[in-house]
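Working notes for the structure below.
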Amino acid sequence: MDVILTPQTFPITMMDGFVQEREINVLMQCHDRIFNDVHVRDESNEILFTVESKGAGSATWRRIVKDATGTPVFHFRKRFRKWVVEDSAGQELCSMKHASFKYAQALDVVVHNQTEKGSKELVEVRPKDEGCLGMIATIQDAPVAHIQVTDVNISRNRDRSIWKARIASGVDLTLMIAIMLCRAEILHVRNSEEWSLSFRVTYKFWGNPQLLPRARTPDVHLSPDIPYSVFFFLRLVKLPIYYCLNSYVIPLIFSETVVEYFPEDVSPARQILIRRFQEVTARDIIIRGYTTIIWILESLIYLDSANALLGCFFVMIGLDQPSEWPALFGSISSATSLRKFWSRFWHRLAVRPYTNYGKVLARSVRLRPGTFAFNTITACVVFVLSGASHSAVSWQLGYHEWYLDIWWFFLNFLGCLIEVLWLLAIRRFAKSTKLSRELKMIEDSWFGKFVGYTWVFAFFFWSTAKWRFPSVYRQALEVQKQH
């Protein structure tokens with residue numbers, strides 16, 4: 001059944017002088033795959049337009065559409081995830097893009113309406129059938145053109161594709177030709193597009209261990225409609241800051257505090273803190289404090305810099321949206337407890353898959369989801385697997401102390417467990433004495449946060465030396481032997 005087209009009384013024009021006074025039929029013959037030889041004919045087989053292409057000679061696959069006299073009418077180009085129509089001076093006349101990632105055949109066409117002094121108008125192009133052989137162009141829900149592909153070939157001695165279009169009166173013919181060229185391009189590179197679509201789906205699946213956007217991210221918020229300019233600015237402005245920190249500030253702090261690591265500064269005896277508390281010197285405190293902070297700062301600089309660069313790259317090439325690259329780290333002000341340090345401030349790149357492994361293990365021993373034992377087993381697996389992954393990297397890099405990564409991450413799990421049990425006991429006591437409200441107010445106050453920050457720093461101040469000193473001690477001995 002033919003589509004009933006609606007004549008346009010107030011036309012949307014991409015170019016002046018091509019609005020049709022009656023309903024017409026046009027035929028477009030694409031003689032090759034790269035649009036170097038295309039003819040558009042009317043019902044009487046008279047040539048209306050021709051198309052020439054530079055093919056691989058143009059980075060944007062520029063196609064020049066000419067009228068019957070050979071005069072250039074407009075240029076048709078592909079830019080990243082959209083198509084652009086320009087006049088000979090490079091002024092944009094309209095743009096086209098896929099209506100959604102899921103429905104790649106549907107197009108949204110934004111036209112700079114020349115009738116209304118360049119105001120932007122939307123033309124929707126949607127499939128008429130499941131095979132996308134027919135397309136309907138609509139303006140304000142009124143069908144104005146029916147475009148069909150009538151022949152498709154891969155043989156070199158035959159036309160690559162043939163298209164027919166029935167266009168309502170009052171419609172800009174050049175706009176419909178541009179839409180037909182866009183549809184033809186999608187069809188011509190269908191195999192590449194199908195491969196690209198498969199690649200995109202595979203990339204989205206395997207390249208998203210956090211299962212964004214549903215997964216919980218660090219304690220940061222990124223608007224899903226953030227402008228590209230803001231996204232690129234907020235990511236790239238970090239790089240010079242991180243460079244200055246890593247190249248100038250951190251070395252300056254080291255030279256003014258630690259100066260140099262001597263073997264006796266990080267010897268096995270110095271790894272002990274509580275048992276030799278009365279013997280701790282000012283230099284011990286400085287070295288421990290520096291070691292406690294530097295691993296956090298260096299990890300943030302390197303990981304967040306890589307995240308910023310990769311985010312900009314994949315958004316720039318069109319594989320991802322800005323909302324798919326939230327900030328890797330949260331705010332350090334959120335680290336008011338050891339658990340919040342790991343869940344709200346630290347990155348959660350591998351937390352989701354590790355958590356799933358933990359849940360599988362907890363269910364295998366028949367623990368009920370949501371119970372304390374279930375959550376404890378799950379958290380233990382997350383920390384152990386995190387330690388194992390870090391150990392694998394350390395082992396591959398040739399570090400002799402690779403096993404300490406597993407030990408230290410498990411120590412953090414024990415710290416979190418002690419924290420949970422302590423808070424649970426305090427809150428139960430407060431509940432029994434009807435002081436829960438007062439306890440909650442203290443926890444949320446500056447004093448509660450101060451106690452939390454102190455606890456987190458104290459834990460790392462005590463434990464980080466046991467993790468990092470052995471490696472530094474070995475390196476210091478090697479340097480001493482060389483001298």
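Residues in the sequence shown are numbered consecutively from 1, following full-length UniProt numbering. Where a beta carbon is used, it is the ideal one built from N, C-alpha and C, also for glycine.
Query	Result
Is His75 helix, strand or coil when you go by DSSP?	strand
Which runs of the alpha helix (DSSP H) fall wholly inside the region 305-375 and span at least 4 residues, in chain order?	351-364
If contact is defined by three or more beta carbon pairs under 8 Å, each pair taking one atom from either stretch, is the region 232-247 in contact with the region 276-289?	no
Can you look up Asn113 in the DSSP assignment and give me helix, strand or coil?	strand
For Leu173, I'd like the list of residues in its chain whose CB is within less than 7 Å of its CB, leaving aside the five on either flank, ordered along the chain.	Phe18, Gln20 and Ile167
Can you tell me where the beta strand (DSSP E) with Ser95 in it begins and where it stops?	Glu92 to His98
Can you tell me whether Leu122 is helix, strand or coil according to DSSP?	strand
Give me the Cβ distance between Leu107 and Cys182, rounded to the nearest whole Å; I'm assuming they're in contact under 8 Å.	6 Å
Among Arg33, Val40, Ser58 and Asn246, which residue has its Cα nearest to the Cα of Thr50?	Val40
Output the distance between the C-alpha atoms of Gln91 and Ser331, rounded to the nearest integer angstrom.	44 Å
Quick one: grab the DSSP three-state call for Arg468.	helix
Does DSSP put residue 484 in a helix, in a strand, or in coil?	This structure gives no information on residue 484, because the portion of the chain shown stretches from 1 to 483.
Residues bridged to His146 by DSSP?	Ile136 and Arg166
Would Ala178 pass as a contact of Cys94 if the rule is Cβ separation under 9 Å?	yes
Provide the residue(s) that pair with Ile377 in DSSP beta bridges, ordered along the chain.	Looking at the DSSP assignment, Ile377 forms no beta bridge with any residue, so it has no partner.
Would Ala137 and Gln8 qualify as a contact pair, given that the criterion is a beta-carbon distance under 9 Å?	no
Taking Met180 as part of the alpha helix (DSSP H), name the residues at either end of that continuous run.	Leu173 to His188
Assuming Pro11 contacts Gly170 (C-beta within less than 8 Å), just tell me the rounded distance between them.	5 Å
Tell me the DSSP bridge mates of Trp83?	Lys78 and Met96
For Asn356 versus Phe383, is the C-beta distance shorter than 9 Å?	no
What residue does the beta strand (DSSP E) around Glu443 start on, and which one ends it?	It is not in any beta strand (DSSP E) - Glu443 instead sits in the alpha helix (DSSP H) that spans Ser436 to Asp444.
Please classify Ser337 as buried or exposed, where buried requires at least 16 other C-beta atoms within 10 Å of its C-beta.	buried
Could you compute how far the alpha carbon of residue 487 sits from the alpha carbon of Lys54?	No statement about residue 487 is possible, as the shown extent of the chain runs from 1 to 483 and does not include it.
Between Asn157 and the rest of its own chain, which residues show a CB-CB distance below 8 Å, the 5 nearest in sequence each way excluded?	none
To the nearest angstrom, how far is it from the Cα of Val125 to the Cα of Thr6?	15 Å
Can you tell me whether Tyr243 is buried or exposed, with buried defined as 16 or more other CB within 10 angstroms of its CB?	exposed
Can you grab the Cα-Cα spacing for the pair Gly387 / Phe429, in whole Å?	35 Å
What does a CB cutoff of less than 6 Å around Ile64 pick up in its chain, not counting 5 residues either side in sequence?	Glu52, Pro72 and His75
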